[in-house]
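J.:
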Amino acid sequence: MKQCHNISVRVFARQREDTDRIKETLVGLFLFDLEKEKVKPHEIRTKSADEKTDIFIYEISLNKDRLINKFLGSLNSRLNADQKALLLRQENRLDQEGNFFIRLDKPRLLEGIFRITDSGNCFHIRMCIAAYPKTRDACLAKIREIFKIDQVK
2 MKQCHNISVR VFARQREDTD RIKETLVGLF LFDLEKEKVK PHEIRTKSAD EKTDIFIYEI
62 SLNKDRLINK FLGSLNSRLN ADQKALLLRQ ENRLDQEGNF FIRLDKPRLL EGIFRITDSG
122 NCFHIRMCIA AYPKTRDACL AKIREIFKID QVK
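So the sequence shown is numbered by our numbering: it starts at 2 and just counts up by one.
1. Measuring CA to CA, which of I150, L30 and T54 is closest to L89?
2. Give the straight-line distance between the Cα atoms of V28 and K39, rounded to the nearest whole angstrom.
3. Does DSSP classify S124 as helix, strand or coil?
4. Identify whether E36 lies in helix, strand or coil by the three-state DSSP scheme.
5. Could you give the distance in angstroms between the alpha-carbon of K48 and the alpha-carbon of T54?
6. Can you list, in chain order, the residues of its chain with a C-beta nearer than 8 Å to that of I8? Leave out the 5 residues immediately preceding and following it.
7. Identify, in the order they occur along the chain, each residue of the same chain with its Cβ nearer than 6 Å to the Cβ of K24, setting aside the five sequence neighbours on each side.
8. Please classify A82 as buried or exposed, where buried requires at least 16 other C-beta atoms within 10 Å of its C-beta.
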């Protein structure tokens, strides 16, 4: 069954940060060979608001159901019960278009620890939930199904 129409994972890196490590961590979120699956990471270089430093935006997008399901299975297995319970506690994680947003703490993720955060210093995951009708309740039910949240104590 289709869980999401598409998923994108994005991370911002400042010029002074270890951009190679950040890119490796981003690619490491996907437990399949991106090149073999013909998924290309995108890189955008821009300037900070004060125009003094470069900011890099790295993004990987998935559109194929098979790859989306692999990614969701991997993400689901890497979040503990407490982290999963946090997913639905905040109303602003789901927008009116059925996009569900997860933020993973960037410093922790660079150490291999998956931690949900509200901080802006994060890996941004946007999931376009496949729910019909596309109501808030239907989307929340699909999110519970994806992350097995009803089974979380």
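Built from N, CA and C at the ideal position, the CB exists for glycine as well.
In this text the structure is predicted, and so the values were computed from the model without any measurement.
T.: According to the structure data:
1. Here the question's residue 89 lines up with position 88 in the sequence shown. L89 has its Cα closest to that of I150, out of I150, L30 and T54.
2. Start at 1 with the first residue of the sequence shown, and residue 28 comes out as number 27. Start at 1 with the first residue of the sequence shown, and residue 39 comes out as number 38. Whole-angstrom Cα-Cα distance: 13 Å.
3. One-based indexing of the sequence shown puts residue 124 at position 123. For clarity, residue 124 is Phe in the given sequence; the question names Ser instead. Here F124 sits in strand by DSSP.
4. Along the sequence shown, read from residue 1 onward, the residue named residue 36 stands at position 35. Here E36 sits in coil by DSSP.
5. As a first step, residue 48 must be located in the sequence shown, where it is residue number 47. As a first step, residue 54 must be located in the sequence shown, where it is residue number 53. Going by the C-alpha atoms only, they are around 6 Å apart.
6. The count along the sequence shown starts at 1 and reaches residue 8 at position 7. Closer than 8 Å at the Cβ level, and outside the excluded window around I8, lie S62, L63, I69, F72, L73, I126, R127, M128 and C129.
7. As a working note, residue 24 is residue 23 in the sequence shown. Once the five neighbours on either side are set aside, the close Cβ partners of K24 are Y59.
8. Taking the first residue of the sequence shown as position 1, residue 82 is located at position 81. Exposed, since its Cβ has fewer than 16 Cβ neighbours within 10 Å.
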